[in-house]
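In case it helps, this note's numbering puts the sequence shown at residues 2 to 165.
The C-beta atom is built at its ideal place from N, Cα and C for all residues, glycine as well.
Just below is one structure, and these are the notes that go with it.
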Amino acid sequence: MLKTLGTIAIVLFMVLPTLILIAGQLSLLTGKRPTDIGVKNGMLKPPLEKSWNVVSSQATQHPHTDYHVIEPLKFTGNGKVAFAKLTSIVRGMDGASVIAAQPNYLHAEFQTKLLKFVDDVEFALDESAGVIHMRSASRLGRKDFGVNRKRLETIRAHFNRQAI
């Protein structure tokens with residue numbers, strides 16, 4: 002019995018984490034790039050109700066929980082200048098790769114260093130409202146343990162700190 006428990010412990014605490022690490026290094030945990038993102042009818046993709054791995058500044062317009070809701074970035078003055086500032090911030094962040102950069106839309110992928118998980122982050126300029134809507138979603142899993150919210154709040158802090 003003790004030998005069996007010891008074997009199970011070795012598998013759980015040594016072999017399994019090693020296999021997960023190897024899978025990450027082989028980019029087996031990146032997930033597929035979504036084809037259904039972008040701005041459609043002025044909206045970013047809505048969060049799935051039962052996925053706790055996405056936050057969006059437009060989540061209030063969908064019947065979801067408060068977990069998904071995050072405030073948009075607010076700006077005064079020229080929206081194009083504000084969006085260019087945001088784009089510069091995202092380009093300078095660790096793990097970020099800009100996939101699409103348009104005058105009113107930005108899609109970036111953020112990859113974790115160790116396991117190579119990829120999250121999709123989107124921004125959409127709404128110049129008339131004086132906001133930049135944002136969305137961050139994990140490709141894999143149902144929970145993100147607050148990573149997507151923390152990322153967007155970090156971007157907000159940089160955005161608010163820098164003068165336009």
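Note on geometry: alpha-carbon atoms of Pro35 and Pro47 lie some 13 angstroms from one another. Assigned with DSSP and collapsed to three states, Leu6 falls in helix. A distance below 8 angstroms between beta-carbons, with the five flanking residues on each side excluded, links Leu153 to the following residues of its chain, in chain order: Val56, Ile71, Val122, Met135 and Ser137. Note on geometry: alpha-carbon atoms of Val40 and Ala102 lie some 13 angstroms from one another. Going by DSSP, Leu87 is part of the alpha helix (DSSP H) stretching over Gly80 to Arg92. Straight-line spacing of the CA atoms in Ile156 and Gly7 works out to 46 angstroms.
Counting only residues of its own chain and dropping the five nearest sequence neighbours on each side, Arg140 has a CB closer than 6 angstroms to the CB of Gly32 and Val119.
The alpha-carbon separation between Asp37 and Lys51 amounts to approximately 18 angstroms.
If you look at Glu123, you'll find it in the beta strand (DSSP E) that goes Val119 to Asp127. Of Tyr68, Lys4 and Val82, the smallest CA-CA separation from Asp145 is found for Tyr68.
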